[in-house]
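*Asks:*
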Amino acid sequence: MLEQFLPKKHLQRIEKVTSWQEAVNLCATPLLSEKIIEPRYLDNIFHLYEELGAYFVIAPQIAMPHARPEDGAIETGLSLLVVSSGVNFGSDENDPVHLIVMLAAKDSTAHLSVLSELAELLGDDDKVKQIINAETIDEISSLIQ
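Counting in the UniProt record's numbering, the sequence shown runs from 1 upward without gaps.
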C-alpha cells in the first residue's frame, strides 16, 4: 500500500539545500503538481512551525512535515526527499535531517494504514540509513517497496 501513496515520481534526492524551508518546498513539489495538496497546505506547515517549532522532526535525521486535512489536503499522498548533506530544522535532538517525508491526508482516518506502514519503514534504522545513502531514485524506490 505504501507504494500506492509514495510512487517513484514522488521521490527526490538532492545533495544540499540552503534552508529547511527550501527542503520542505522541494518535498512538496510532486504533491502540488499532482494537486494532492493546495499551496495553502505549505503555508499552514510554515505557520505551524512558527507556532510550535520543529514539531514535524520526528526522529534523528527524519522530518515529516504535515498539516491538518482541512488546511489544504485534497487527496491522501506522500512525497519523500533525501538531502544527502542534511539540513537543520532547529531540533536540537534530531538535526541534521536527511530524510523528509511529506504527509497529506484528505481526512483524519484515510491515512492511518499508510501511516502504519510508514512508521514501520521509518522505525527500521538500517533501512533509513540505506535510503539516506542511496545514490539513485531507483535505489530509494526499491528500499521502500
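Note that CB positions come from ideal geometry on N, CA and C, so glycine has one too. Source: prediction; values computed, not measured.
1. Is any heavy atom in the ligand GDP found nearer than 7 Å to the beta carbon of asparagine 94?
2. How many whole angstroms separate the CB atoms of alanine 28 and isoleucine 37, which I take to be in contact at a CB cut-off of 8 Å?
3. For valine 17, collect the residues of the same chain with a Cβ closer than 6 Å to its Cβ; drop the 5 residues on either side in sequence, then sort them by chain order.
4. Which of the three DSSP states is assigned to serine 116 in this structure?
5. Around the C-beta of methionine 1, are 16 or more other C-beta atoms found within 10 angstroms, so that it is buried, or is it exposed?
6. With the cut-off set at 8 Å, would you say alanine 67 and isoleucine 100 are in Cβ contact?
7. Are the beta-carbon atoms belonging to glutamate 3 and glutamine 145 less than 8 Å from one another?
8. So for histidine 66, helix, strand or coil by DSSP?
9. Pick from Lys9, Leu6, Ser19 and Lys8: whose alpha carbon is nearest that of histidine 98?
*Replies:* Taking the geometry as given:
1. As far as ligands go, the structure on display features none, and thus does not contain the ligand GDP.
2. Here residue 28 refers to the residue found at position 28 when the sequence shown is read from its first residue. Here residue 37 refers to the residue found at position 37 when the sequence shown is read from its first residue. Sure, about 7 Å apart at Cβ, within 8 Å.
3. The residue given as residue 17 occupies position 17 in the sequence shown. Here the set comprises Ala23, Val83 and Val87.
4. Within the sequence shown, numbered from 1, the residue matching residue 116 stands at position 116. DSSP places serine 116 in helix when its eight states are reduced to three.
5. Locating residue 1 in the sequence shown gives position 1, counting from the first residue. Label assigned to methionine 1: exposed.
6. One-based indexing of the sequence shown puts residue 67 at position 67. One-based indexing of the sequence shown puts residue 100 at position 100. Cβ distance not < 8 Å, so alanine 67 and isoleucine 100 don't count as in contact.
7. Locating residue 3 in the sequence shown gives position 3, where the first residue counts as 1. Locating residue 145 in the sequence shown gives position 145, where the first residue counts as 1. Closer than 8 Å, so yes.
8. Translated into positions along the sequence shown, residue 66 becomes position 66. Coil at histidine 66, not helix or strand.
9. For the purposes of this step, residue 98 is identified with residue 98 of the sequence shown, where counting begins at 1. Here the closest residue by C-alpha is Ser19.
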